[in-house]
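Data block below; observations after.
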Amino acid sequence: MSAAQAQQLARLAGSSAIEKIAEHAWRIRKAAPADGVAPYCEKERIDYAFIPEGRRFADLKLLAMDMDSTLITIECIDELGDLAGCKREIAAITAQAMRGELDYPQSLRKRVGLLAGLPEGALTTVYEQRLKLTPGADELLAACKRHGVHVLLVSGGFTFFTERLKARLGINYTISNRLEINAGRLTGRLVGDVVDAEAKAAKFAAVVKQLGARSEETIAIGDGANDLKMMALAGLSVAFHAKPVVRAQASCAVSWCGLDAIVRLYE
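In our numbering, the protein residues as written are 2 to 268.
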C-alpha cells in the first residue's frame, strides 16, 4: 500500500490522521466506515480492517489459527492424495467442505478412505518436501513469543503435522485428527472422533477458560467453514485468504497480505 492510496482511503473515511506503521502498512485514525472503502480496497488489492482504537497486540492472551492453508500454504490431505494418485478427487471434496457445502466429518472420512494403503513414509515426504509456512508466519509467531501470547493450532488435518509444527515453532496447544496406521501403511481410517467445527470451538473455549482470558484478549484466524464456530467465540476473527462464507462472517479479512498483517491490526 502506498502513501497515495493511504491518503485516498483517509479521504473516503473522512479522516486526515494517517500514520505509517510499516513499509507498506498505514493506520488511519478517526476513520469512519464509508461505502467507498470496500470497493476501493478490492480494486487496489488492499487489506483493511476497522479496529477499535487502543487495541494492543501485547494485550492478547490467545491467538488461535487453522493449520492447512493458514499457518501453512498447503492442504496436507491433498498432498497425500497426490502421492496416492487421487489428488484431484480429494481436492474437490476438500474445496466443497471448506465452502461449507458438505458435512465435514463425512467428507473427511471419505477423503481419508481414499488414502488406504499409502505407505506411512508419505507423511514424512509431505512434511519435509511440500509443507511450507505461509509468508509472514515467522513474524506473527515471533510477536506472540515476544508478548507472551499463547498460540493454539487447530486442524481438521492430522497430528503427524501439528505435533511436528508444535515442537518446531514453539506452539502451546494443538488439536487435530489421528490417522490409523497398520503395518506401515495408512488404513484409510481415523482413530477417535473427528475434529470438526464443534471440536475446534470447544478446544478454543477450553483454552480461553484455562488462561482466564476475556473475549477481547483473543483472536482466531481461519480460512474454511469448519473454522467459523471457533472464530465466533473470539474477540477478533480474521478470514485469511478465505472462502466467501468465511469472509462474510469474520470481523475482517486478510486476502492479499501474509500472516504478518495480523500484527498490524493492533497497536
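For each residue, glycine too, the CB sits at the ideal point set by N, CA and C.
Relative to the C-alpha of residue i, which candidate in the options has its C-alpha closest?
i: residue 96; options: 227, 168 and 127; result: 227
i: residue 106; options: 33, 178 and 155; result: 178
i: residue 234; options: 168, 22 and 252; result: 252
i: residue 210; options: 232, 268, 3 and 62; result: 62
i: residue 174; options: 66, 127 and 265; result: 66
i: residue 147; options: 60, 22 and 239; result: 60
i: residue 31; options: 25, 39, 51 and 41; result: 51
i: residue 120; options: 136, 85 and 18; result: 85
i: residue 263; options: 155, 248, 239 and 249; result: 239
i: residue 3; options: 20, 15 and 16; result: 20
i: residue 159; options: 142, 137, 168 and 195; result: 195
i: residue 218; options: 92, 25, 149 and 82; result: 149
i: residue 138; options: 11, 82 and 261; result: 261
i: residue 192; options: 207, 27 and 161; result: 161
i: residue 49; options: 55, 58 and 25; result: 25
i: residue 126; options: 33, 83, 144 and 230; result: 83
i: residue 118; options: 151, 187, 102 and 89; result: 187
i: residue 285; options: 40, 145 and 100; result: Any answer about residue 285 is impossible in this case: the structure gives the chain only from 2 up to 268.
i: residue 141; options: 267, 212, 207 and 184; result: 267
i: residue 250; options: 257, 230 and 256; result: 230
i: residue 165; options: 128, 143 and 185; result: 128
i: residue 247; options: 101, 184, 214 and 197; result: 101
i: residue 256; options: 18, 10, 39 and 33; result: 39
i: residue 197; options: 207, 185, 176 and 214; result: 176
i: residue 68; options: 110, 254, 41 and 167; result: 167
i: residue 172; options: 183, 143, 184 and 185; result: 143
Can you tell me which residues form a DSSP beta bridge with residue i?
i: residue 27; result: 21
i: residue 192; result: 179
i: residue 67; result: 155
i: residue 187; result: 182
i: residue 220; result: 64 and 237
i: residue 120; result: 186
i: residue 73; result: 69 and 134
i: residue 254; result: 240
i: residue 174; result: 153
My guess is that residue i and residue j are in contact by the Cβ rule of under 8 Å, so how many angstroms apart are they, rounded?
i: residue 190; j: residue 181; result: 4 Å
i: residue 281; j: residue 71; result: As shown, the chain starts at 2 and ends at 268. That puts residue 281 outside it, with no answer to give.
i: residue 37; j: residue 13; result: 4 Å
i: residue 154; j: residue 163; result: 6 Å
i: residue 225; j: residue 136; result: Actually they are not in contact, since the Cβ atoms of residue 225 and residue 136 sit about 19 Å apart, beyond 8 Å.
i: residue 7; j: residue 22; result: Actually they do not touch by this definition, with Cβ atoms about 10 Å apart.
i: residue 151; j: residue 81; result: That belief does not hold up - the Cβ atoms of residue 151 and residue 81 are roughly 30 Å apart, past 8 Å.
i: residue 35; j: residue 55; result: No, residue 35 and residue 55 are not in contact; Cβ-Cβ is about 22 Å, not under 8 Å.
Is it right to say residue i is buried, meaning 16 or more other beta carbons lie within 10 angstroms of its own, or is it exposed?
i: residue 216; result: exposed
i: residue 108; result: buried
i: residue 94; result: buried
i: residue 122; result: exposed
i: residue 265; result: buried
i: residue 156; result: buried
i: residue 104; result: exposed
i: residue 221; result: buried
i: residue 98; result: buried
i: residue 207; result: exposed
i: residue 254; result: buried
Report yes or no: is there a C-beta of chain C within less than 9 Å of the C-beta of residue i?
i: residue 265; result: In summary, chain C is missing from the structure at hand, where a single protein chain is found.
Segment contact, 8 Å Cβ cut-off, at least three pairs: the region 28–45 with the region 202–215: Fewer than three pairs of CB atoms, one per stretch, sit closer than 8 Å, so the region 28–45 makes no contact with the region 202–215.
Does the count of Cβ pairs from the region 107–121 and the region 242–262 closer than 8 Å reach three? Not touching, per the Cβ criterion.
Sufficient close CB pairs (3 or more, under 8 Å) joining the region 131–140 to the region 62–77: Counting C-beta pairs closer than 8 Å gives three or more between the region 131–140 and the region 62–77, which meets the contact rule.
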